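Here the structure comes first, spelled out in structure tokens, and everything after it is commentary.
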Amino acid sequence: MDAIKSSAKSSVELFERAKKVAPGGVHSPVRSFKGLGRSPVFFLRSEGPYLWSVEGDRYIDFCQSFGPLILGHRDPEVTERVRSQIDLAWTFGACEPYSLELAEWITSRIPSVEKLRFVSSGTEAVMSALRLARAYTQRNKILKFEGCYHGHVDGLLVKAGSGLAGESAASSAGISEGMARETLVVDLNSEAQLEAVFKTHRAEIAVVVIEPLPANYGLLVQRKEFVLKIQELAKRHGALFMVDEVISGFRVGIQGMIQDLGLNPDLVCYGKILGGGFPVGCYGGRKEIMDFVAPLGPVYQAGTLSANPVGMVAGLATLQKMESTQGWAVLNARSSEFCGRLKALLNQHSDLDVTTYASLFWIHTKASEPIRSLNLIPKGQGEIFKSMFLKLLDKGVYLAPNAYEVGFLSLAHTDAVLEETLGKIKGVLI
Ligand SMILES: *Cc1c(COP(=O)(O)O)cnc(C)c1O
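Using the numbering used here, you'd call the opening residue of the sequence shown number 143 and step up by one each time.
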């Protein structure tokens with residue numbers, strides 16, 4: 143593919159302009175390349191596994207918009223469905239068949255999701271599901287795990303406090319103390335903390351929320367027994383058990399981590415892949431819980447652009463193609479081969495290692511045991527990542543620009559593309 147000659151200015155000039163009109167020049171913080179010692183690349187175009195910058199440089203993309211693009215950029219079949227949808231309608235704010243088709247596809251494949259409601263982002267899905275859980279249980283407290291990300295929901299921008307298990311403090315300015323106090327936080331991988339917090343607060347907890355594959359602060363693969371223990375304690379004490387599958391849903395397999403871990407959640411949140419690269423999220427779960435949502439029930443939740451037809455058809459086209467081509471099996475096999483070779487390369491030429499699950503990977507310094515909680519992340523991750531990121535960028539490989547973000551493979555990352563990538567990685571290691 144020829145490099146694009148753009149009429150736009152260089153990335154550096156564009157960033158200077160952007161900083162005048164947006165905080166830090168960006169519309170989501172990680173995009174700013176903060177802490178990486180250079181200004182961000184501005185991209186103009188994408189296709190399959192590739193991005194092209196405004197300068198015309200080509201990059202192999204392992205960020206894939208932070209996960210949504212499991213087929214790669216602008217998959218031809220998804221593009222076709224989006225084009226024909228635009229010829230029919232963009233949005234009505236009224237009933238239409240497009241969301242019905244996607245809702246039926248999901249509910250017929252994921253038994254835990256009997257009914258669902260579409261929204262426009264993962265954050266919105268989680269935020270709405272928490273409101274629903276509080277209404278359904280008539281309780282106020284939320285239990286979350288340190289190192290899990292659930293979008294920028296006020297009540298979940300909370301980290302562990304310094305005192306007893308469960309105590310918490312806001313992790314962003316602008317979160318009231320009262321709000322932070324309603325959220326209990328415990329470490330991942332700690333049955334002891336989990337039991338302690340239930341002992342103290344069992345009758346107050348409305349919902350326990352977890353990323354069943356924590357992938358927003360490194361890749362902190364959990365033991366199945368730990369996640370099942372969370373589910374068991376929640377159910378035993380009358381709290382709802384909610385899995386945030388915004389990143390893992392439709393990524394690790396058709397039924398996500400619900401299948402991999404054998405879970406039976408009361409509520410589930412999706413986003414990212416669900417919209418095929420357009421802004422779509424949803425929350426769903428047991429019928430009798432979902433029927434608490436307006437207009438049937440007392441929990442208000444609405445959206446001008448909810449179930450936007452373009453996002454609905456892009457999402458459905460993506461999922462149908464994954465299903466009809468056995469996409470998950472193909473992608474996971476290809477990823478496993480790639481990550482195996484990457485691991486060997488890193489181990490041989492550096493003190494680096496890679497943690498992987500399905501088509502996600504995360505590079506870090508070698509650790510003495512599997513990294514399942516924040517405190518086990520080796521020191522110096524920021525510096526190690528910075529050096530790797532900059533060298534790879536120079537060679538035309540784009541990783542998500544942050545030490546704690548994971549990498550994603552897509553079906554557009556062919557064997558040839560992955561071979562080329564391994565060559566480039568070897569080049570920066572030796
Ligand atoms: C990305 C993500 C979110 C937030 O989704 P947005 O669409 O960015 O609001 C929530 N939870 C998890 C697990 C995520 O990975």
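Note that beta-carbon positions come from the ideal geometry of N, C-alpha and C, so glycine has one too. Fair warning: this is a prediction, and the values are worked out from it, not measured in the lab.
Within 8 Å of the C-beta of residue 328 there is not a single heavy atom belonging to ligand 1.
Apart from sequence neighbours up to five positions away, the residues of its chain that approach residue 440 with a beta-carbon distance below 7 Å are 277 and 434, ordered along the chain. Our two residues, residue 208 and residue 266, have alpha carbons roughly 17 Å apart in a direct line. Inclusion of residue 451 and residue 279 in the CB contact set at 9 Å is not warranted, their separation being larger than that value. Segment contact: the stretch 533-541 against the stretch 191-211, three or more CB-CB distances shorter than 8 Å; contact assigned. Taking 8 Å as the cut-off, one finds at least one heavy atom of ligand 1 near enough to the beta carbon of residue 414. Residue 338 sits in a helix when the DSSP states are folded into three classes. For residue 415, there is no enclosing beta strand (DSSP E), since its DSSP letter is neither H nor E.
Distance check between residue 549 and each of 186, 212, 168 and 162 places 212 closest, using alpha-carbon atoms only. For the beta strand (DSSP E) assignment, the uninterrupted runs of no fewer than 3 residues enclosed by the stretch 404-468 are, from N- to C-terminal side, 409-412 and 423-427. Only buried fits residue 285, as 16 or more other CB atoms lie within 10 angstroms of its CB. Across the set 570, 180 and 167, the C-alpha of 570 shows the shortest separation from the C-alpha of residue 484.
Measuring C-alpha to C-alpha distances from residue 329 to each of 322, 339, 170 and 459 identifies 339 as the nearest.
Taking a contact as a CB-CB distance under 8 Å, the pair residue 409 and residue 382 counts as one, their CB atoms being some 6 Å apart. Secondary structure note for residue 505: it is in no alpha helix (DSSP H), and the uninterrupted beta strand (DSSP E) holding it is 502-507. Buried is the label assigned to residue 477, since at least 16 other Cβ atoms lie within 10 Å of its Cβ. Per DSSP, residue 326 is one residue of the beta strand (DSSP E) stretching across 325-329. Segment contact: the stretch 371-390 against the stretch 159-179, fewer than three CB-CB distances shorter than 8 Å; contact not assigned. For residue 310, the pairing in a beta bridge is given by DSSP as 302. Look at the beta carbons and you see the stretch 337-355 touching the stretch 382-395: at least three pairs across the two are nearer than 8 Å.
Rounded to the nearest angstrom, the gap between the Cα atoms of residue 393 and residue 281 is 32 Å. Between the stretch 422-438 and the stretch 515-527, the count of Cβ pairs shorter than 8 Å is below three; the stretches do not touch. By the Cβ neighbour-count rule, residue 390 is buried, with 16 or more other Cβ atoms within 10 Å of its own. Excluding its 5 nearest sequence neighbours in each direction, residue 160 has C-beta neighbours in its own chain below 8 Å: 167 and 168, listed in chain order. Distances from the CB of residue 411 to the heavy atoms of ligand 1 include at least one below 8 Å. When secondary structure is reduced to three states using DSSP, residue 291 falls in the coil class, being assigned neither helix nor strand. Residue state for residue 265 is assigned as helix, using DSSP reduced to three classes. Distances from the CB of residue 169 to the heavy atoms of ligand 1 are all 8 Å or more. Residue 200 is bridged by DSSP to 194.
With distances taken between CA atoms, residue 346 lies nearest to 324 out of 456, 324, 220 and 237.
Beta-bridge partners of residue 347 (DSSP): 283. Residue 388 has its CB nearer than 8 Å to a heavy atom of ligand 1. Short note on residue 265: C-beta closer than 8 Å to some heavy atom of ligand 1.
Residue burial is scored here from C-beta neighbours: residue 242 has fewer than 16 other C-beta atoms within 10 angstroms and is therefore classed as exposed. A direct Cα-to-Cα measurement between residue 164 and residue 420 gives close to 22 Å. Around the beta carbon of residue 237, fewer than 16 other beta carbons sit within 10 angstroms, so the residue counts as exposed.
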